[in-house]
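Residue numbers (the numbering used here): 19 to 219. From the three backbone atoms N, C-alpha and C, an ideal C-beta is built for every residue, glycine too.
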């Protein structure tokens, strides 16, 4: 009976590995076609039926991209926007999530529900009002018009708030008895534990 169970578990394990390999291959296919298209002439890209291996390999597509005067500038802009956004979102959202999870203050639940309700408002509905706001703050044609609105994300606030709420209150109380302020509890205890959900941001 034990041998039968072991063989079945082994079979299930290999079946799972095979399934994941198939899924992985399916996910890789678009990237393979994208790489193939990057070394094809335009006529071959839109040929029907298409071929994975090009009849003639050309590198002019890469030369055109790398010789563009603003190519590296675009990458620097993206790097700045992403890095700044991650840092701001990590600071602002994590502090707010800790406050909603572990601090007791009047109207906490109502404020949190109102913030969650904003997720149901379509972004297109606020385009005009956001443009007016950015214009009044002189953010038009600046990188901050991209970074600042996305720095506070309600979905990640909800995600982190649920994580901080799962931390035992005894841990917070023990830190308070040792003389830690709420900010020190957040910085030295809660934030290091929140690294896994923070990485999803």
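Straight-line CA distance for residue i to residue j?
i           : j           : result
residue 56  : residue 214 : 36 Å
residue 122 : residue 212 : 20 Å
residue 78  : residue 70  : 18 Å
residue 184 : residue 135 : 22 Å
residue 147 : residue 97  : 28 Å
residue 141 : residue 125 : 26 Å
residue 145 : residue 180 : 30 Å
residue 90  : residue 208 : 38 Å
residue 21  : residue 33  : 18 Å
residue 114 : residue 83  : 42 Å
residue 37  : residue 143 : 43 Å
residue 199 : residue 193 : 8 Å
Taking the alpha carbon of residue i as the point to measure from, which residue in the options has its own alpha carbon closest?
i           : options            : result
residue 176 : 149, 157, 127, 200 : 127
residue 95  : 161, 205, 74, 182  : 161
residue 106 : 168, 35, 193       : 168
residue 182 : 205, 170, 197, 163 : 205
residue 218 : 155, 157, 174, 203 : 174
residue 210 : 108, 149, 188      : 108
For a quick check, are the C-beta atoms of residue i and residue j less than 8 Å apart?
i           : j           : result
residue 68  : residue 165 : no
residue 178 : residue 111 : yes
residue 130 : residue 118 : yes
residue 72  : residue 62  : yes
residue 190 : residue 120 : yes
residue 138 : residue 172 : no
Taking 7 Å as the cut-off, is the C-beta of residue i nearer than that to any heavy atom in the ligand GTP?
i           : result
residue 211 : Absence of the ligand GTP from the depicted structure is noted, as is the absence of any ligand whatsoever, leaving it without description.
How should residue i be labelled, buried or exposed, when 16 other C-beta atoms within 10 angstroms of its C-beta is the threshold for buried?
i           : result
residue 74  : exposed
residue 27  : exposed
residue 24  : exposed
residue 58  : buried
residue 216 : buried
residue 203 : buried
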